[in-house]
Structures are given as C-alpha cells and as structure tokens.
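Structure first, then comments.
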Amino acid sequence: MPKQNFKVCLCWRRIFKTRVVEPPPDVKNAFNHFSQSGTMTVDDLLTFLIEHQGENNATKEDAQAIFDSLKHLNIFHRRGLHLEAFFRYLLGDHNLAHPPSSKVHHDMTAPLAHYFLFTGHNSYLTGNQVISASSVEPIKDALLRGVRVIELDLWPNSKGDDVEIRHGGTLTSPVDLQKCLQAIKENAFHASEYPVVITFEDHLNPNLQKKVAKMVTETFGDMLYWSETENMQQFPSPESLKKRILISTKPPKEYLGENRGDVSETESGRRNPSDVGEHFPDEDEENTVVQYRQLIAIHAGKLKGGLENWLSDDPMKVRRLSLSEQELENAIRTYATKIVRFTQRNLLRVYPKGTRLDSSNYNPFVGWMHGAQMVAFNMQGYGKYLWIMQGMFKANGGCGYVKKPDFLLRRGENDEVFNPSAPLEVKTVMRVKVILGEGWHQDFHHTAFDRYSPPDFYTKIGIAGVPEDKDVKQTAIIEDEWLPVWDQDFEFLIRVPELAVLRIQVLEYDTTGRPDFGGQTSLPVSELRTGIRTVPLCDKKGNKYKHVRLLLSINFGRPYDL
Numbered sequence: 001m002p003k004q005n006f007k008v009c010l011c012w013r014r015i016f017k018t019r020v021v022e023p024p025p026d027v028k029n030a031f032n033h034f035s036q037s038g039t040m041t042v043d044d045l046l047t048f049l050i051e052h053q054g055e056n057n058a059t060k061e062d063a064q065a066i067f068d069s070l071k072h073l074n075i076f077h078r079r080g081l082h083l084e085a086f087f088r089y090l091l092g093d094h095n096l097a098h099p100p101s102s103k104v105h106h107d108m109t110a111p112l113a114h115y116f117l118f119t120g121h122n123s124y125l126t127g128n129q130v131i132s133a134s135s136v137e138p139i140k141d142a143l144l145r146g147v148r149v150i151e152l153d154l155w156p157n158s159k160g161d162d163v164e165i166r167h168g169g170t171l172t173s174p175v176d177l178q179k180c181l182q183a184i185k186e187n188a189f190h191a192s193e194y195p196v197v198i199t200f201e202d203h204l205n206p207n208l209q210k211k212v213a214k215m216v217t218e219t220f221g222d223m224l225y226w227s228e229t230e231n232m233q234q235f236p237s238p239e240s241l242k243k244r245i246l247i248s249t250k251p252p253k254e255y256l257g258e259n260r261g262d263v264s265e266t267e268s269g270r271r272n273p274s275d276v277g278e279h280f281p282d283e284d285e286e287n288t289v290v291q292y293r294q295l296i297a298i299h300a301g302k303l304k305g306g307l308e309n310w311l312s313d314d315p316m317k318v319r320r321l322s323l324s325e326q327e328l329e330n331a332i333r334t335y336a337t338k339i340v341r342f343t344q345r346n347l348l349r350v351y352p353k354g355t356r357l358d359s360s361n362y363n364p365f366v367g368w369m370h371g372a373q374m375v376a377f378n379m380q381g382y383g384k385y386l387w388i389m390q391g392m393f394k395a396n397g398g399c400g401y402v403k404k405p406d407f408l409l410r411r412g413e414n415d416e417v418f419n420p421s422a423p424l425e426v427k428t429v430m431r432v433k434v435i436l437g438e439g440w441h442q443d444f445h446h447t448a449f450d451r452y453s454p455p456d457f458y459t460k461i462g463i464a465g466v467p468e469d470k471d472v473k474q475t476a477i478i479e480d481e482w483l484p485v486w487d488q489d490f491e492f493l494i495r496v497p498e499l500a501v502l503r504i505q506v507l508e509y510d511t512t513g514r515p516d517f518g519g520q521t522s523l524p525v526s527e528l529r530t531g532i533r534t535v536p537l538c539d540k541k542g543n544k545y546k547h548v549r550l551l552l553s554i555n556f557g558r559p560y561d562l
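Per the UniProt record's numbering, residue 1 is the first one in the sequence shown, and the count goes up by one each step.
This is the structure in structure tokens:
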C-alpha cells in the first residue's frame with residue numbers, strides 16, 4: 001500500500017498510509033440486488049437504470065454505451081460488470097447528478113418576459129468598481145459561460161470625439177467600444193444560440209450616438225435585431241431571436257417637442273449630459289436621434305413619478321425598467337404583486353447597489369421570486385451568490401434562458417396574480433445522502449491543505465431558494481483522509497422547487513478557525529437525477545476540477561410521506 005510522507009522537521013517525518021476507496025454499502029447493496037452471481041449484464045444494468053436511478057426512458061443502447069465506456073479498464077469483464085467496474089461507472093461522467101450535456105427542454109416560444117436571463121453587470125470590468133481595468137476579456141468569459149445580457153457604459157473619450165467604455169466617476173481605465181462590440185460578435189453564440197442583449201448606459205451627445213449607431217450596424221450586420229415597430233405590445237420569443245443581437249437602452253431625448261415622460265437618469269444616479277439644459281437641435285441632430293433610436297429593440301426608462309408609476313403596465317407597449325437591489329427591496333414592501341404583474345409582460349432589471357465597490361453580489365431570489373428577468377451580477381469575482389447564479393443557469397441546457405415558473409405568469413379569475421408574501425406549502429421533500437468523495441490527491445499537492453498530514457474534509461450541503469426553503473447542513477469531519485467516507489443522510493423541505501438550487505461545498509478543517517476550500521458546485525434542484533449519482537466539484541471561479549467529485553444518493557418524496 002502506498003504511503004505519504006509529511007516532513008515536520010529535519011529529523012522527523014509523519015508517514016500515512018494511503019488507500020483505494022472501496023465500494024460503500026449503498027453501492028454493494030444496489031449491485032447485489034440487480035446483478036446475478038456477482039456479474040451485472042447489460043439487461044441487469046438497464047433494469048438498474050430504470051428501477052433504481054429513475055431513468056424511465058433508458059434503453060438497452062444506453063446500457064450498452066455505459067458498458068462500452070468501461071472497456072478500457074482492467075477490471076472490465078466481457079461477460080458483465082463486476083462490483084469494482086460498477087462502482088467506477090457510478091463515479092464516472094456517465095452518471096452525473098446533473099449532466100452538462102442536457103438539451104434545451106423549456107418552451108422557448110413564449111415572449112422574452114417569460115424567462116429569467118443570465119445577466120451581467122458592468123461586464124467590461126476585470127475587478128472592483130473603482131480602480132480596476134476595463135477589458136474585453138471579462139465580456140468574452142461571460143459569454144462563453146452562457147451569460148446572455150452584457151452591460152456597456154458609453155462615455156465620451158477625453159477629446160470628446162470618440163466613444164469609450166468605462167465606469168464613470170471612478171478611476172477605472174477605459175476600453176474601446178469597437179473592441180467590445182467585436183468581442184461580443186465573435187463570442188456571442190458559442191455557449192448558446194439564444195439571443196444576446198446588450199444594455200447601454202448612455203452618456204453621449206447626439207453626434208457620438210450617431211457614431212455608436214454606425215459602429216453597431218457595421219459590426220453586427222444581419223445579426224442585429226431591428227424592431228418593426230417602436231411600441232411592441234409583447235416581446236418576441238427567444239426561439240424567434242436565435243443568433244440575434246438586441247440593443248436595450250433609454251431612447252434619446254425627443255427633440256420634436258413630444259414629452260414622453262421618460263426619466264433620463266442613469267443607473268448610478270448621474271444625469272445624462274446630453275439631457276442637461278435647454279437645447280435647440282439642428283437638422284443633423286434630429287436625424288442622428290432617429291438613427292440611434294432605430295437600434296433600440298428593447299426600450300428602457302422610468303416614467304415620471306414614484307414607484308407606482310414606474311410599475312405601470314401599458315397594454316399597448318412593453319418596456320424595460322431598471323431598479324437597484326435597494327430600490328427593489330423597498331418596492332416589494334408595498335408593491336410586491338404589482339411587480340409580479342409588471343414582469344408578466346415587461347422586463348425588470350435589478351442591479352447591485354452602488355456601495356458594492358468590491359464587485360460583490362446580492363441575493364438573486366428576491367428578484368426572481370417577484371418575476372425579475374434580468375438579475376444583473378458582477379461576473380468577475382466569486383462567492384456564494386455568484387455560485388448560486390451559475391447553478392441556476394445550468395438549467396435548460398445552460399442556454400442562458402430559464403422559463404419562469406407558471407405561478408409567476410398566471411392570472412386568476414379576478415385578474416389576481418401570485419403574492420410572494422403569502423405563506424407557501426411544502427411541495428417536495430428532498431433526501432440526500434453524502435456518501436463519499438475522491439480526487440483531491442490527484443488535483444492538489446499533498447501539502448495543499450495541511451503541511452503535516454492529510455486533509456480533514458467535511459461537506460456543507462444545503463438549499464438556496466426562497467426564504468422558507470433556505471437550509472444548510474454539514475457532515476462530520478473525517479480526519480487525515482484523502483478519500484473521505486461520510487455516509488450521512490440529510491433531508492430538505494422545499495416549497496418552491498422551480499427556484500431551488502442545491503449548494504455543495506467541501507471544506508478542510510483548520511485549527512486556526514478558517515477552513516480551506518476543497519471545491520464547490522451549485523445545481524438546479526428541478527433537474528437533478530435521482531439515485532446514486534456523482535457530482536463533480538469546481539474551483540472558486542466555477543471551473544470544474546478534473547478528478548474531485550462526490551458520490552451522493554438523491555431521492556424526492558411527497559410531503560405526506562414524512
């Protein structure tokens with residue numbers, strides 16, 4: 001049996017025996033139940049897939065494909081799977097709790113307002129909101145991860161003759177608009193063929209708006225979606241907009257004397273320079289307004305007045321409204337159902353409050369539970385809420401669009417809508433057994449967690465969702481072990497499974513009190529596969545480790561089964 005040496009000092013080493021993980025009782029019991037005389041045939045495996053794993057549509061071809069995937073192993077036997085081969089299959093990529101290759105399966109023919117969109121905030125920033133550099137790289141990375149809404153802040157350059165992207169009023173460095181547009185064009189549809197929305201926060205005068213109009217049309221060409229009418233009664237569907245780019249921003253100031261009642265303040269509260277003071281345009285400026293306005297597929301803006309006016313639902317026209325996370329939290333105290341009603345036809349974008357200078361994020365479920373489609377996140381960092389966001393948008397094939405639950409879209413006989421403040425009943429009970437973990441000794445140096453001994457791993461597992469569903473549990477700490485076996489059961493009561501996300505984080509106990517990071521993942525509860533399943537873990541940025549994974553047993557039951 002191999003051994004690991006940990007050097008404590010010049011004359012003393014600690015030696016630990018390493019072992020190969022053995023099939024745990026759950027695996028042995030399943031194998032013995034579905035195999036015959038210690039061998040599992042293709043037919044036996046198919047029965048296991050249907051009866052134990054809940055794969056009711058599994059075919060003999062599926063079982064054969066699993067057999068074929070194991071043929072390179074020395075433990076494979078032509079007559080069938082022995083216990084060890086069956087165990088390796090359960091830990092392999094053919095048995096994922098949430099397969100990344102799952103296809104788009106939501107109805108994609110409804111209006112855009114019926115979907116949650118994977119949305120970025122200040123998509124060009126590489127770090128914090130104050131002094132970090134602006135670059136095309138965060139834009140590329142976001143698109144390749146499936147983000148479908150990119151935000152660009154448009155500002156005049158120092159000479160006032162060109163357009164640059166930067167976070168105004170800060171020390172962030174700028175990046176050229178043309179480079180950003182080109183990066184979007186080249187990377188928009190690698191991860192998903194569904195539409196990309198570019199939201200402009202516009203601080204430009206009419207002449208620079210004209211320049212933007214020319215750049216956008218020349219860069220995107222036929223990819224750009226042009227609305228046939230300015231006042232759409234409903235948004236088009238993601239299906240009809242495949243591989244199209246949509247521009248969303250506030251319409252430029254009307255120079256023809258029409259008072260539309262639009263408020264021209266930007267997200268940060270600074271007033272658009274082009275709207276300050278009285279101005280009498282010449283003919284060229286009036287033409288510029290038309291050219292720029294024609295770009296806008298999704299019109300944004302707040303009506304004059306307070307929240308109640310902002311949330312007005314015009315049956316003749318749909319639009320996008322932006323609220324900060326604080327504005328939303330204040331609004332739901334009085335206007336919760338009005339927000340739900342507004343978001344059944346219109347788009348609501350929520351963005352981080354201005355004090356999040358470190359590019360941190362906020363609880364996305366506040367927005368989602370009220371129907372907000374664009375919950376805008378800073379994508380350049382990491383942390384609990386960003387991991388939840390990534391987990392949510394692993395749903396529906398990772399296409400960046402998740403259909404909103406029916407309860408957010410329904411209207412009752414008296415035109416009533418869902419009330420997010422009303423009590424919720426438990427819909428399902430999720431039972432999870434954390435069986436074991438493996439792969440750290442392959443993906444980490446043997447002193448990565450502790451200089452003097454193997455790691456002491458434990459797992460935190462829980463549900464992120466509406467407040468009533470939030471729950472976190474923890475396994476025991478397994479000391480001095482690269483291959484921890486926990487074999488612990490946990491139970492979660494879930495009221496809104498459509499919005500629930502399973503959060504998993506493995507940590508290494510440290511006597512200093514600050515645990516070391518051992519991997520994480522978040523997965524949409526609504527798409528989890530039942531049975532004994534493997535769950536690959538990711539690093540802090542959401543990149544999957546090559547070998548680190550957990551083995552879980554997952555089952556769902558009805559509340560009255562308690």
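Glycine is no exception: its CB is placed at the ideal position from the N, C-alpha and C atoms. As the structure is a prediction and not an experimental result, all values here were calculated from the model.
So for residue i, helix, strand or coil by DSSP?
i	result
His441	helix
Thr41	coil
Thr119	strand
Cys399	coil
Phe449	coil
Gln380	coil
Ile150	strand
Trp226	coil
Gln209	helix
Gln326	helix
Ile131	coil
Tyr124	coil
How many angstroms separate the CA atom of residue i from the CA atom of residue j?
i	j	result
Asn205	Leu154	10 Å
Pro252	Phe492	50 Å
Leu552	Lys140	34 Å
Gln505	Val21	21 Å
Gly371	Leu409	8 Å
Leu46	Asp62	8 Å
Leu347	Asn330	18 Å
Lys214	Gly160	17 Å
Ser237	Tyr194	10 Å
His445	Trp482	11 Å
Thr511	Phe449	12 Å
Gly397	Glu218	32 Å
Glu278	Pro467	Low per-residue confidence applies at Glu278: pLDDT is 40, beneath 50, and the placement is therefore not dependable, though the value from the model is reported in the following sentence. Roughly 49 Å between the two C-alpha positions.
Met379	Asp314	33 Å
Val216	Asp202	14 Å
Leu171	Val432	48 Å
Arg319	Val350	14 Å
Lys338	Ser102	35 Å
Gly169	Asp176	17 Å
Thr199	Leu208	17 Å
Asp516	Val525	26 Å
Output yes or no for whether 8 Å exceeds the beta carbon distance between residue i and residue j.
i	j	result
Lys470	Phe490	no
Leu96	Arg503	no
residue 581	Asn555	No statement about residue 581 is possible, as the shown extent of the chain runs from 1 to 562 and does not include it.
residue 563	Ile184	With the chain covering only 1 through 562, there is no way to say anything about residue 563.
Leu537	Val485	no
Arg88	Thr39	no
His105	Lys404	no
Leu528	His98	yes
Val501	Met430	no
residue 582	Leu90	Residue 582 lies beyond the residue range present for the chain, which begins at 1 and ends at 562; the question has no answer from this structure.
Asn85	Leu70	Inspection of the sequence shows that residue 85 is occupied by Ala rather than by Asn. Result yes, Cβ atoms of Ala85 and Leu70 sit closer than 8 Å.
Tyr434	Ile463	Residue identity check: residue 434 is Val in the sequence provided, not Tyr. Not closer than 8 Å, so no.
With a 10 Å radius around its C-beta and 16 neighbouring C-beta atoms as the bar for buried, classify residue i as buried or exposed.
i	result
Gly439	buried
Trp226	exposed
Gln233	exposed
Pro423	exposed
Gln36	exposed
His33	exposed
Arg270	Summary for Arg270: the model assigns pLDDT 44, below 50, so the residue's position carries little reliability; its value from the coordinates is reported in the next sentence. Exposed: under 16 other Cβ atoms inside 10 Å.
Lys353	exposed
Ala476	exposed
Lys248	Per the sequence shown, residue 248 should be read as Ser rather than Lys. So Ser248 counts as buried.
His190	exposed
Asp44	buried
Under 7 Å: does the beta carbon of residue i sit that close to some heavy atom of the ligand MG?
i	result
Glu416	This structure lacks the ligand MG; in fact it carries no ligand of any kind.
Are any of the Cβ atoms in chain C nearer than 8 Å to that of residue i?
i	result
Leu171	In the displayed structure, chain C is absent; only one protein chain is listed.
Which ranges would you report for the beta strand (DSSP E) in the UniProt domain "C2" (410-539) if only whole runs of at least 3 residues count? 428-438, 457-464, 471-474, 485-494, 501-508, 516-524 and 531-538
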